[in-house]
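Residue numbers (this note's numbering), protein chains in the order written: chain D, 102 to 511; chain E, 285 to 376. No residue lacks a Cβ here, since even glycine has one placed at the ideal position from N, Cα and C. Source: prediction; values computed, not measured. Working notes, beginning with the structure itself.
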Amino acid sequence: MRPQTPGAHLPEHPDFLWRNPEPKRSYDVVIVGGGGHGLATAHYLAKNHGITKVAVLEKGWLAGGNMARNTTLIRSNYLWDESARIYEHSLKLWESLEDDLGYPILFSQRGVLNLAHSLQDVRDSVRRVEANKLNGIDAQWVEPDEVKKLCSIVNTSSDIRYPVLGATYQPRAGIAKHDYVAWGFARRADQAGIDIIQGCEVTGFVTDGDRVTGVRTSRGDIAAGQVALCAAGHTAVLTEMLGIRVPVQSHPLQALVSELLEPVHPTIVMSNAIHVYVSQAHKGELVMGAGIDSYNGYGQRGAFHIIERQMAAAVELFPVFARAHLLRTWGGIVDVTPDASPIVGRTPYRNVYLNCGWGTGGFKATPGVGWCLADTIARDELHPYTAPFSLDRFITGALVDEHGAAAVAH
Amino acid sequence: MQLIECPWCGPREETEFHYGGQAHVAYPQDPAAMSDEEWAHYIFFRANPKGPFAERWSHSAGCRRWFNAVRDTATYRFHGVYRLDERKPTIS
Ligand SMILES: Cc1cc2nc3c(=O)[nH]c(=O)nc-3n(C[C@H](O)[C@H](O)[C@H](O)COP(=O)(O)OP(=O)(O)OC[C@H]3O[C@@H](n4cnc5c(N)ncnc54)[C@H](O)[C@@H]3O)c2cc1C
Ligand SMILES: [Zn+2]
Chain D
102 MRPQTPGAHL PEHPDFLWRN PEPKRSYDVV IVGGGGHGLA TAHYLAKNHG ITKVAVLEKG
162 WLAGGNMARN TTLIRSNYLW DESARIYEHS LKLWESLEDD LGYPILFSQR GVLNLAHSLQ
222 DVRDSVRRVE ANKLNGIDAQ WVEPDEVKKL CSIVNTSSDI RYPVLGATYQ PRAGIAKHDY
282 VAWGFARRAD QAGIDIIQGC EVTGFVTDGD RVTGVRTSRG DIAAGQVALC AAGHTAVLTE
342 MLGIRVPVQS HPLQALVSEL LEPVHPTIVM SNAIHVYVSQ AHKGELVMGA GIDSYNGYGQ
402 RGAFHIIERQ MAAAVELFPV FARAHLLRTW GGIVDVTPDA SPIVGRTPYR NVYLNCGWGT
462 GGFKATPGVG WCLADTIARD ELHPYTAPFS LDRFITGALV DEHGAAAVAH
Chain E
285 MQLIECPWCG PREETEFHYG GQAHVAYPQD PAAMSDEEWA HYIFFRANPK GPFAERWSHS
345 AGCRRWFNAV RDTATYRFHG VYRLDERKPT IS
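Quick look at the structure:
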């Protein structure tokens with residue numbers, strides 16, 4: 102018998118996932134964007150607040166945006182209290198999400214190592230570990246020999262260009278199967294009576310003074326009591342239609358996978374300085390990501406030289422990868438803010454809520470932000486976990502500056 | 285990877301260039317008179333269109349000069365490059 106890669110046997114899907122209803126003429130809540138964030142918001146609106154006259158409008162296919170394109174890393178080892186709170190809230194939800202959704206999501210808590218390559222990296226990392234601990238988040242500083250124990254293929258020799266001087270370690274970090282997460286949320290929301298409408302692009306808004314009364318779509322006008330924008334990289338296109346300015350810039354972000362390999366990489370390894378991060382998917386592919394392409398773009402693809410740099414970094418750090426074949430690459434469009442933190446909360450329109458700016462790192466926030474946004478919509482009051490991320494922080498100066506602080510922004 | 289036309293050096297590999305974001309963002313005329321909101325808009329808020337976008341590029345690994353370009357952010361195609369003292373070309 103041939104050896105089997107653990108995780109190669111993915112669970113079978115049920116035949117039926119969700120209905121494909123015709124849009125109704127009116128809903129209490131219209132969510133624009135059927136990615137993870139929109140779907141999670143819909144689920145928690147039904148589950149936590151009993152609000153089910155809800156439509157999730159998706160211009161393409163369900164979760165075909167960044168939700169289908171991300172590298173699925175989940176962690177909560179962020180520096181600032183505001184970030185730690187929302188990402189840790191999310192991580193706790195991930196830990197029971199499979200039961201909540203009644204659907205497998207293959208959440209695998211295999212831990213994350215964020216490598217330090219210079220004395221300054223070491224100091225920043227130790228500081229972040231202490232900050233994490235004060236916020237009740239599992240975090241440790243590990244020396245190079247412990248890095249080697251946790252992931253034996255990392256090159257810890259001292260004579261490479263960016264030697265590994267140690268790492269932060271969050272054991273509860275992990276990965277999940279992103280498609281299954283989306284399908285699980287969609288299925289539960291659908292079961293609660295929420296309409297998930299694919300192939301329905303929001304092309305404009307119907308306004309009345311400081312309220313939006315409905316959305317214009319490629320499938321007709323739909324009246325809405327409240328509107329939540331969950332359009333990730335396309336947020337600026339929507340807010341432009343509302344005449345609202347939001348400080349986001351859309352950039353391509355690329356990722357790639359290798360062919361299937363035997364289990365070689367038991368944890369997640371990230372490096373800020375040489376900017377590559379790696380995990381091994383359940384089936385066996387090495388999943389790798391890098392930083393954004395520098396220019397603004399909506400094309401869901403990026404430039405090849407970014408991949409080249411990322412591969413060079415990966416091979417230096419993991420010499421065994423030199424012989425692995427690249428299977429495919431792809432890009433998503435992420436919305437980046439000036440302080441590398443999301444924007445969640447109110448807009449100048451009384452009944453329109455904004456959720457964007459999660460940039461390169463919003464997958465891990467999926468259940469957490471859905472929970473908080475549903476609460477905000479239901480009570481028309483900002484949830485304390487997302488309140489620090491309001492749009493007006495760019496005017497008041499109360500930024501939550503995670504650039505550099507949180508170790509590679511994914 | 286694509287060729288970008290430097291107004292001085294001609295077409296060169298994209299890797300020789302550095303991106304500078306939105307073009308034509310003028311320094312405020314009367315900074316002392318500006319409100320916090322106006323400052324915020326000057327510092328943090330930039331256009332982010334899906335389509336033609338006037339932006340800045342520097343030929344950092346070549347002549348090291350800055351120039352402007354109109355590029356389509358949906359297709360990534362450059363419609364035209366122009367020097368800082370030239371007018372933005374009209375793209376039909
Ligand atoms: C390559 C890559 C790697 C990443 N890696 C990680 C990672 O490891 N960990 C992590 O935490 N995060 C990661 N991210 C970021 C993460 O994917 C995003 O922050 C997150 O998915 C954003 O929320 P979302 O799921 O709702 O967005 P999306 O899935 O993009 O959802 C937005 C949806 O809105 C739809 N839409 C847009 N405009 C309209 C309209 N006018 N009408 C109707 N629908 C519309 C889009 O089609 C899309 O489906 C990565 C992203 C990329 C691209
Ligand atoms: Zn030049």
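Listed by chain order, chain E residues near residue i by CB distance under 8 angstroms
i: Arg346 of chain D; result: His325, Phe329
i: Ile393 of chain D; result: Near Ile393 of chain D there are no residues of chain E at all, since even the closest Cβ is about 11 angstroms away, more than 8 angstroms.
i: Val349 of chain D; result: Asn332
Test: residue i CB closer than 9 angstroms to a CB of chain D
i: Tyr303 of chain E; result: yes
i: Gln313 of chain E; result: no
i: Pro333 of chain E; result: yes
i: Ala316 of chain E; result: no
i: Arg355 of chain E; result: yes
Contacts of residue i in chain E (Cβ-Cβ under 7 angstroms)
i: Tyr396 of chain D; result: Tyr303
i: Phe495 of chain D; result: Ala324, Phe328
i: Val338 of chain D; result: Lys334
Expected contact under 8 angstroms - CB spacing of residue i and residue j to nearest Å
i: Glu363 of chain E; j: Pro333 of chain E; result: The question names Glu, but residue 363 of chain E is His in the sequence shown. Actually they do not touch by this definition, with Cβ atoms about 13 angstroms apart.
i: Tyr360 of chain E; j: Gly400 of chain D; result: 6 angstroms
i: Gly433 of chain D; j: Leu354 of chain D; result: 5 angstroms
i: Ser359 of chain D; j: Glu386 of chain D; result: 5 angstroms
Under 8 angstroms by beta carbon: chain D residues contacting residue i
i: Phe337 of chain E; result: Asn397
i: Glu300 of chain E; result: What Glu300 of chain E touches in chain D: nothing, since even the nearest Cβ is about 10 angstroms away.
Nearest to residue i (by Cα), restricted to the options the options
i: Ile496 of chain D; options: D:Gly400, D:Pro439, D:Arg170, D:Gln221; result: D:Pro439
i: Arg402 of chain D; options: D:Arg170, D:Ala143, D:His383, D:Asn121; result: D:Arg170
i: Lys465 of chain D; options: D:His190, D:Asp129, D:Asp502; result: D:His190
i: Leu118 of chain D; options: D:Asn215, D:Ala441, D:Ala290, D:Leu339; result: D:Ala290
i: His383 of chain D; options: D:His279, D:Ile261, D:Gly161; result: D:His279
i: Leu214 of chain D; options: D:Glu409, D:Ile408, D:Ile369; result: D:Ile369
i: Phe490 of chain D; options: D:Leu220, D:Glu183, D:Gln241, D:Ser197; result: D:Glu183
i: Asp201 of chain D; options: D:Arg288, D:Gly392, D:Ser219, D:Tyr486; result: D:Arg288
i: Tyr311 of chain E; options: E:Gly346, E:Pro291, E:Glu322; result: E:Glu322
i: Arg126 of chain D; options: D:Val316, D:Val243, D:Asp260; result: D:Val316
i: Arg447 of chain D; options: D:Asn397, D:Ile345, D:Pro364; result: D:Ile345
i: Ser442 of chain D; options: D:Arg494, D:Val243, D:Trp284; result: D:Arg494
Beta-carbon proximity list for residue i, same chain, < 7 angstroms, skipping 5 on both sides
i: Cys331 of chain D; result: Ile132, Val133, Gly134, Gly136, His138, Gly139, Thr142, Asn456
i: Ala475 of chain D; result: Thr142, Tyr145, Leu146, Asn149, His150
i: Ser319 of chain D; result: Cys301, Glu302, Thr304
i: Phe208 of chain D; result: Trp195, Leu198, Glu199, Gly275, Ala277
i: His346 of chain E; result: The sequence shown places Gly at residue 346 of chain E, not His. Once the five neighbours on either side are set aside, the close Cβ partners of Gly346 of chain E are Cys290, Cys293, Arg296, Glu300.
6 angstroms Cβ shell around residue i - same chain, five flanking residues per side excluded
i: Thr328 of chain D; result: One detail in the question is off: residue 328 of chain D reads as Val in this sequence, not Thr. Once the five neighbours on either side are set aside, the close Cβ partners of Val328 of chain D are Val131, Val313, Val453.
i: Ala356 of chain D; result: Thr172, Gly390
i: Gly326 of chain D; result: Asp129
i: Gln210 of chain D; result: Arg273, Gly275
i: Tyr486 of chain D; result: Arg186, Ile187, His190, Cys473
i: Ser177 of chain D; result: Tyr188, Glu189, Leu192, Ile238
Cβ of residue i within 9 angstroms of any chain E Cβ
i: Pro439 of chain D; result: yes
i: Gln327 of chain D; result: no
i: Glu341 of chain D; result: yes
i: Val133 of chain D; result: no
i: Val243 of chain D; result: no
i: His138 of chain D; result: no
i: Ala415 of chain D; result: no
i: His190 of chain D; result: no
i: His335 of chain D; result: yes
Own chain residues within Cβ distance below 8 angstroms of residue i, not counting five before or after
i: Asp311 of chain D; result: Pro449, Tyr450, Arg451
i: Asn256 of chain D; result: Val265, Glu417, Leu418, Phe419, Pro420
i: Gly304 of chain E; result: Glu339, Arg340, Trp341, Ser342, Trp350
i: Leu339 of chain D; result: Val133, Val303, Leu330, Ala332
i: Pro124 of chain D; result: Ala156, Leu158, Asp296, Ile298, Cys301, Thr318, Arg320, Gly321, Ile323
Neighbouring residues, chain D, relative to residue i (Cβ below 7 angstroms)
i: Tyr360 of chain E; result: Gly398, Gly400
i: Glu321 of chain E; result: Ile496
9 angstroms Cβ cut-off: residues of chain E touching residue i
i: Ala404 of chain D; result: Met285, Gln286, Glu298, Thr299, Tyr360
Near ligand 3, which residues have their beta-carbon less than 5 angstroms from any of its heavy atoms, given in chain order? Ligands displayed in this structure: ligand 1 and ligand 2; ligand 3 is not among them.
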